[in-house]
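My numbering puts the first residue of the sequence shown at 207, with every later residue one more than the last.
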Amino acid sequence: MVDWRGRALAVTPAAMEVLRSDPDLRFELAIDTVLVALPKFRERLAGGRWQSTRSRLSTYFVGALVLDFPNIYRSWLARWSRSAAEEPLDLLGAFDIESPQRGPESTVEARDEVVRLIGTLPTNVRKGVALMGFGYTISEAAQLVGISAKAFESRLGRVRRRVAETHGQRPRL
207 MVDWRGRALA VTPAAMEVLR SDPDLRFELA IDTVLVALPK FRERLAGGRW QSTRSRLSTY
267 FVGALVLDFP NIYRSWLARW SRSAAEEPLD LLGAFDIESP QRGPESTVEA RDEVVRLIGT
327 LPTNVRKGVA LMGFGYTISE AAQLVGISAK AFESRLGRVR RRVAETHGQR PRL
C-alpha cells in the first residue's frame, strides 16, 4: 500500500512494472484523471470555493487531480488485474495466411515480422488487435479489453507509424 495524500493505493510490483514500461498507459491515466477532475474543478470555481488568498489557481487544480487520481488508478488496476489473469491469446497461428503473390519465404518473413511486432504491444492492445482480426470493431475490441475506443485508436495509430517508419514508408494517418 502506498499513501497518496492520505489515500491508500494498492501498488503491486507487477503493476508498477507495467506502469514503468508503458508510457502510453501513464499518459492515458493522466488524461483520464484530468477528464474526470476538470468538470468538478469547474463546479467548485463556479461555486466560489476557490479563494485567491489561500492558493494559486494552478495549485487548486492540482489538488482536484490529486483527489480524483486514486479512483482512476483503482479502476485501471481492477481492469488490468482481470486481464492479466486471463489466458493469453495464442496469436502464432492467427496470421498464417498464404499469399498467392509471394512465395513461402516471403510468407514466413511476413509472419515473423507480425509476431515480433505483436509481441511488443501491451497485452490489452495485443488482445484488441486479435479481436479485430476476428471481426470485432475498434469500439467493441476496446470495450472488451477494458480501454476506451479513443485510447485504442491512438495506440493503433502509434503502432502503424512505428511500422511505417521501420519500413521506410511515410506513415498513413
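Cβ atoms here follow ideal geometry from the backbone N, Cα and C, with glycine treated the same way.
So, helix, strand or coil for residue i, using DSSP?
i, result
"residue 231", "helix"
"residue 214", "strand"
"residue 353", "coil"
"residue 329", "helix"
"residue 287", "helix"
"residue 254", "coil"
"residue 279", "helix"
"residue 247", "helix"
Would you mind giving the Cβ-Cβ distance between residue i and residue j, rounded to the nearest angstrom? I have them listed as a contact below 8 Å.
i, j, result
"residue 337", "residue 350", "6 Å"
"residue 244", "residue 282", "Actually they are not in contact, since the Cβ atoms of residue 244 and residue 282 sit about 18 Å apart, beyond 8 Å."
"residue 221", "residue 286", "7 Å"
With a 10 Å radius around its C-beta and 16 neighbouring C-beta atoms as the bar for buried, classify residue i as buried or exposed.
i, result
"residue 348", "buried"
"residue 361", "buried"
"residue 334", "buried"
"residue 340", "exposed"
"residue 275", "buried"
"residue 358", "buried"
Take residue i as the anchor and find which of the options has the nearest alpha-carbon.
i, options, result
"residue 248", "227, 231, 271 and 226", "271"
"residue 319", "352, 284 and 369", "369"
"residue 356", "231, 311, 265 and 221", "231"
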